[in-house]
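**Student:** Numbering (the UniProt record's numbering), first residue to last: 1 to 324.
Every residue gets a Cβ at the ideal spot worked out from N, C-alpha and C, and that includes glycine.
As the structure is a computational prediction, the values presented were derived from the model and not from experiment.
#1: Residue 179 by DSSP, collapsed to three states: which one?
#2: Would you say the segment 126-137 touches the segment 165-178, given that touching needs at least three Cβ pairs under 8 Å?
#3: Let me know the beta strand (DSSP E) ranges lying completely inside the segment 16-45, each 3 residues or longer, listed in chain order.
#4: Does the Cβ of residue 174 lie closer than 6 Å to at least one heavy atom of the ligand NAP?
#5: Could you tell me which residues DSSP pairs with residue 260 in its beta bridges?
#6: Skipping 5 residues on each side, what residues in its chain have a beta carbon closer than 7 Å to that of residue 21?
#7: Give me the Cα-Cα distance between residue 138 and residue 2, rounded to the nearest whole angstrom.
#8: Can you tell which of 99, 64 and 83 has the C-alpha that lies nearest to the C-alpha of residue 42?
#9: Based on DSSP bridge pairs, tell me the residues matched to residue 95.
#10: Within 10 angstroms of the Cβ of residue 308, are there 16 or more other Cβ atoms? Answer buried if so, exposed if not.
#11: Return helix, strand or coil for residue 195, following the three-state DSSP convention.
#12: I need the DSSP call for residue 238, collapsed to helix, strand or coil.
#13: Might you give, ordered along the chain, the residues of its own chain that have their beta carbon closer than 7 Å to the beta carbon of residue 89, omitting 5 neighbours on each side?
#14: If you follow the alpha helix (DSSP H) that residue 165 is in, where does it begin and where does it stop?
#15: Distance, Cα to Cα, residue 306 vs residue 170?
#16: DSSP three-state call for residue 317: helix, strand or coil?
#17: Where does residue 129 sit, in a helix, a strand or coil, going by DSSP?
#18: Which stretch, first to last residue, makes up the alpha helix (DSSP H) that contains residue 340?
#19: Mapping DSSP to helix, strand and coil, what is residue 253?
#20: DSSP has residue 147 in a bridge; who is on the other side?
#21: For residue 88, does the three-state DSSP call read helix, strand or coil?
#22: Just how far apart, CA to CA, sit residue 77 and residue 105?
#23: Check this for me: beta carbons of residue 210 and residue 157, under 7 Å apart or not?
#24: Taking the DSSP output, what are the residues bridged to residue 202?
#25: Taking the alpha-carbon of residue 241 as reference, which of 290, 299, 200 and 277 has the nearest alpha-carbon?
#26: Below 8 Å on the Cβ atoms is my guess for residue 286 versus residue 228; work out the distance and round it to an integer in Å.
#27: Within the same chain, show all residues whose beta-carbon is closer than 7 Å to that of residue 297, passing over the 5 residues directly before and after it, in chain order.
#28: Quick one: measure Cβ to Cβ for residue 162 and residue 144, integer angstroms, because I've assumed they're closer than 8 Å.
#29: With a cut-off of 8 Å on the beta carbons, I'd call residue 147 and residue 122 a contact; round off their distance for me.
#30: Count the other C-beta atoms from every protein chain shown that fall within 10 angstroms of the C-beta of residue 328, then say buried if there are 16 or more, exposed otherwise.
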């Protein structure tokens with residue numbers, strides 16, 4: 001068996017990424033990895049997945065404390081940035097939650113390849129915010145995937161995949177956390193193969209590919225003409241931030257954080273969206289039953305659900321968030 005030599009790695013991740021932070025630690029501490037650079041978000045830009053959470057991370061600080069060069073390029077594909085990274089003579093680029101797209105010129109820099117750790121069972125749920133979309137779609141068979149990066153977004157051949165079974169009752173935050181842990185385990189499992197340069201790949205099955213874009217207001221909006229199960233999925237998909245929302249007949253907007261499907265607890269309402277308050281508990285009518293509203297967002301804090309005085313129903317016409 002030939003002697004193994006350390007591999008030179010550049011890590012790509014968002015500056016506040018809770019996936020990038022453990023990746024950085026693992027790579028920096030591995031005896032057969034030289035972490036020669038970290039490429040992260042430009043100054044003033046944060047990954048929206050983690051904004052507002054209490055336990056923040058800072059990859060620039062984390063890398064600088066270890067003496068690892070940090071690059072905060074606004075446009076990672078600029079020739080000047082590519083030249084700086086090429087000077088590091090990397091064997092691998094490793095990507096864990098980085099939101100700029102790497103074009104062919106920069107992908108040609110590492111002597112071996114670029115590996116992306118994607119938090120979904122590719123080829124399904126390629127693209128943006130897989131945690132949100134998996135919950136909203138009611139997905140049960142999930143996973144994380146390491147791919148050999150090509151110019152097609154999340155379309156490169158699969159190097160390794162780890163399946164994850166969901167219950168269908170998780171919030172997007174819970175899915176994100178479980179998939180982060182799975183991707184960390186995947187990195188540890190794959191590193192020996194990358195170091196030995198003995199990994200294999202298999203093409204993604206194009207017919208199974210599903211691609212999702214960045215969620216918009218309409219995706220977070222609660223349409224109470226839908227069945228209760230669909231509304232509850234959207235609420236869980238929006239948790240914790242920005243949260244699913246609804247407009248009221250009085251012109252208010254509420255960000256709803258948790259609900260419970262209580263079936264046909266009350267008589268059939270006159271119309272979907274009608275509200276009912278019983279012993280302080282708030283219920284809203286859907287197409288096929290009732291939902292109890294358990295908690296809402298009030299100035300960034302999760303509070304017991306209440307509706308403004310005089311509110312009789314939720315508006316079933318779409319309105320953009322803040323557009324009243």
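**Tutor:** Once the coordinates are examined:
#1: helix
#2: yes
#3: 33-39
#4: Among the ligands in the structure shown, none appear at all, so the ligand NAP cannot be discussed.
#5: 292
#6: 57, 59 and 62
#7: 48 Å
#8: 99
#9: 12 and 116
#10: exposed
#11: helix
#12: helix
#13: 8
#14: Careful: residue 165 lies outside any alpha helix (DSSP H), inside the beta strand (DSSP E) at 158-165.
#15: 24 Å
#16: coil
#17: coil
#18: This structure cannot settle anything about residue 340, because the visible part of the chain is limited to 1 through 324.
#19: strand
#20: 116 and 158
#21: coil
#22: 7 Å
#23: no
#24: 158
#25: 299
#26: 4 Å
#27: 243, 255 and 257
#28: 5 Å
#29: 6 Å
#30: This structure gives no information on residue 328, because the portion of the chain shown stretches from 1 to 324.
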